[in-house]
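The numbering used here applies: residue 21 is where the sequence shown begins, and numbers increase by one.
Heads up, the thing below is written out as structure tokens.
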Amino acid sequence: MAVMTVTTPPAALDHDAPLRVDSVRLQDRLAALSGIGGIQGTTGSARLAFTDADRQGRDLVVTWMEDLGLDIRIDAIGNVIGTLEGTEDLPAVMTGSHIDTVRTGGRYDGNLGVLAGLEIIETVLAAGVRTRHPLAVGFFSNEEGARYQPDMMGSLVYVGGLPLEEAYDTVGIDDTTVRNELDRIGYLGSAPVPGLAPRAFVELHIEQGPVLEEAGVQIGVVEGVQGISWTELEIVGQSNHAGTTPMRLRHDPAWVAAEITTFVRWLALEIGHPQVATVGMLELQPNLVNVVAARATMTIDLRNTDDKLLKQTEEQLAAKISELAEREGVTIASRKLARFEPVEFDPMLIDRIEQAATAAGLSTMRMPSGAGHDAQMFARIAPTAMIFTPSHLGISHNPAEHTDPDDIEAGANVLLSVLLDLAEVVEQS
Ligand code: GLV
Ligand code: MN
Ligand code: MN
Numbered sequence: 021m022a023v024m025t026v027t028t029p030p031a032a033l034d035h036d037a038p039l040r041v042d043s044v045r046l047q048d049r050l051a052a053l054s055g056i057g058g059i060q061g062t063t064g065s066a067r068l069a070f071t072d073a074d075r076q077g078r079d080l081v082v083t084w085m086e087d088l089g090l091d092i093r094i095d096a097i098g099n100v101i102g103t104l105e106g107t108e109d110l111p112a113v114m115t116g117s118h119i120d121t122v123r124t125g126g127r128y129d130g131n132l133g134v135l136a137g138l139e140i141i142e143t144v145l146a147a148g149v150r151t152r153h154p155l156a157v158g159f160f161s162n163e164e165g166a167r168y169q170p171d172m173m174g175s176l177v178y179v180g181g182l183p184l185e186e187a188y189d190t191v192g193i194d195d196t197t198v199r200n201e202l203d204r205i206g207y208l209g210s211a212p213v214p215g216l217a218p219r220a221f222v223e224l225h226i227e228q229g230p231v232l233e234e235a236g237v238q239i240g241v242v243e244g245v246q247g248i249s250w251t252e253l254e255i256v257g258q259s260n261h262a263g264t265t266p267m268r269l270r271h272d273p274a275w276v277a278a279e280i281t282t283f284v285r286w287l288a289l290e291i292g293h294p295q296v297a298t299v300g301m302l303e304l305q306p307n308l309v310n311v312v313a314a315r316a317t318m319t320i321d322l323r324n325t326d327d328k329l330l331k332q333t334e335e336q337l338a339a340k341i342s343e344l345a346e347r348e349g350v351t352i353a354s355r356k357l358a359r360f361e362p363v364e365f366d367p368m369l370i371d372r373i374e375q376a377a378t379a380a381g382l383s384t385m386r387m388p389s390g391a392g393h394d395a396q397m398f399a400r401i402a403p404t405a406m407i408f409t410p411s412h413l414g415i416s417h418n419p420a421e422h423t424d425p426d427d428i429e430a431g432a433n434v435l436l437s438v439l440l441d442l443a444e445v446v447e448q449s
């Protein structure tokens, strides 16, 4: 789909006295949200999509949106968008991210983008600033895809990339469906999907990798997101006695799963950076010390910024699977859980982010995103880009995830500046 680029020249922001977010207020909200589903002894959280913890997190953020007097819309896939009206009835300048987490989530992944958006709107309101375009902040359902695949489900449905009924019928890792769980937590809303295209979408997120910290750079100017391929394999063999079954007679799903695990790692190393490969889930049945497994279920996550190379890894994996099924006398059923091509962000917005950061005296680096983000879906319908802040030791999807408060403040202020530019400030009381 063709996406218009932003052509309005940057508004003349007064960089001598630019608006600034309140870092303490932002940190307080990050801490409060991370306490919901909080993982004891850490600053992280477990709020898998559409669980009770997700509902409580949603309720808290909605309360904050209400406190700011935003117009709140919940759509049919549970995306929640709060809008501060502009002086004209124009498409909104939108920011946001997600508040669902993996089961071992950190405090910042997704939450930062949503709460920075709220903080920016509070800052704008407190300063009496009005903009021509409305300012909107959203949180999008099931970005993580840890319970229901594909990931980025809410934003994908929002942009018309996944039919609502298909999303509703998705069965999760616990055999629940999206429709039932969304209904159960009270977030099956009435706003229609696909949703309205914003004027632009800009997402602030932690990098979740080591690049910025290692380079000593404060702001990542994200040029795009790498392609993602998720596959689930179900390997069925012959369960048998661990002591009596000679090795030559085995049809062992555990061994096949192990060989696939090592194969994808070697494959990624052979193809080279930035190809990555991960076996993140592996379950054996019956999972007992003295029983050759009957079944192995595993997932493989492959990513690359180059779609040709990503396809090549997918093909080599498929060939390996066929070879192993034949050699080991097992059946292997393969199911695609997610497949997204690499995405390039809007060049004009990328420039604006870089200029805003530089004007604020911050160091910048252009980079691709290794993680998937809601922004990559919005890029299908609106000019889109992202801002990254450094992640300490590059750790993420782990409760130990940490970003320095000064870096968070810097990232939020760059986002503030870019959003105001795009929304066009008309008055300040
Ligand atoms: C989402 O967090 C992903 O990139 O897996
Ligand atoms: Mn995220
Ligand atoms: Mn994540």
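Glycine included, every Cβ here is placed at the ideal spot set by N, Cα and C.
First through last residue of the beta strand (DSSP E) which encompasses residue i
i	result
Thr265	First-last for Thr265: undefined, no H or E at that position.
Asn307	Run containing Asn307: none; DSSP gives neither H nor E here.
Leu224	Ala220 to Ile226
Gln448	Val445 to Gln448
Leu450	The requested residue 450 is not part of the displayed model; the chain covers only 21 to 449.
Val185	Reading the sequence as shown, one finds Glu at residue 185 and not Val. Careful: Glu185 lies outside any beta strand (DSSP E), inside the alpha helix (DSSP H) at Leu184 to Tyr188.
Ser354	Thr351 to Phe360
Integer-rounded CB distance, given that residue j should sit under 8 angstroms from residue i
i	j	result
Ile407	Val434	5 angstroms
Gly126	Glu421	2 angstroms
Glu243	Met387	7 angstroms
Arg49	Leu135	5 angstroms
Gly137	Val157	3 angstroms
Glu234	His412	11 angstroms between Cβ atoms; not a contact.
Thr384	Val312	Actually they do not touch by this definition, with Cβ atoms about 55 angstroms apart.
Thr124	His417	6 angstroms
Residue range of the unbroken alpha helix (DSSP H) whose run includes residue i
i	result
Arg78	Asp72 to Asp87
Gly392	Neither: Gly392 is in no alpha helix (DSSP H) and is coded neither H nor E.
Ile373	Pro367 to Ala379
Asp321	Segment Arg315 to Asn324 is the beta strand (DSSP E) holding Asp321; no alpha helix (DSSP H) there.
Collapsed DSSP secondary structure at residue i in the structure displayed
i	result
Asp272	coil
Val472	Nothing about residue 472 can be read from this structure; the chain reaches only from 21 to 449.
Val438	helix
Ser342	helix
Met173	helix
Asp91	strand
Thr196	coil
Asn131	helix
Leu68	coil
Val241	strand
Ile248	strand
Arg400	coil
Own chain partners of residue i with C-beta closer than 7 angstroms, once the 5 adjacent residues on each side are dropped
i	result
Ala443	Gly106, Val113, Thr151, Arg152, His153 and Leu155
Val177	Ile97, Leu184, Ala187 and Val213
Pro9	Only positions 21 to 449 of the chain appear in this structure, which leaves residue 9 out of reach.
Gly349	His271
Leu329	Ile291 and Gln295
Val446	Thr107, Arg150, Thr151 and Arg152
Contact set for residue i: own chain, Cβ-Cβ below 6 angstroms, skip 5 residues either direction
i	result
Leu202	Phe70, Gly98 and Leu208
Thr325	Gln246, Pro294, Pro362 and Pro388
Met85	Ile92 and Gly102
Neighbourhood of residue i by C-beta distance below 8 angstroms, restricted to the same chain and skipping five residues each side
i	result
Ile341	Leu253, Ile280, Ile352 and Ser354
- Message: With three or more C-beta pairs closer than 8 angstroms as the rule, is the region 64-84 touching the region 193-207?
- Response: yes
- Message: Using 8 angstroms as the cut-off, can you tell me whether the region 130-137 makes contact with the region 190-201, which would need three or more C-beta pairs spanning the two stretches below that distance?
- Response: no
- Do the region 368-377 and the region 265-281 meet, that is, are 3 or more Cβ pairs less than 8 angstroms apart? no
- Message: Taking 6 angstroms as the limit, name every residue whose beta carbon sits nearer than that to some heavy atom of ligand 4, in sequence order.
- Response: Questions concerning ligand 4 fall outside what the structure shown contains, since the ligands it does hold are ligand 1, ligand 2 and ligand 3.
- Query: Any chance the region 392-408 sits against the region 214-224, with 3 or more Cβ pairs inside 8 angstroms?
  - Reply: yes
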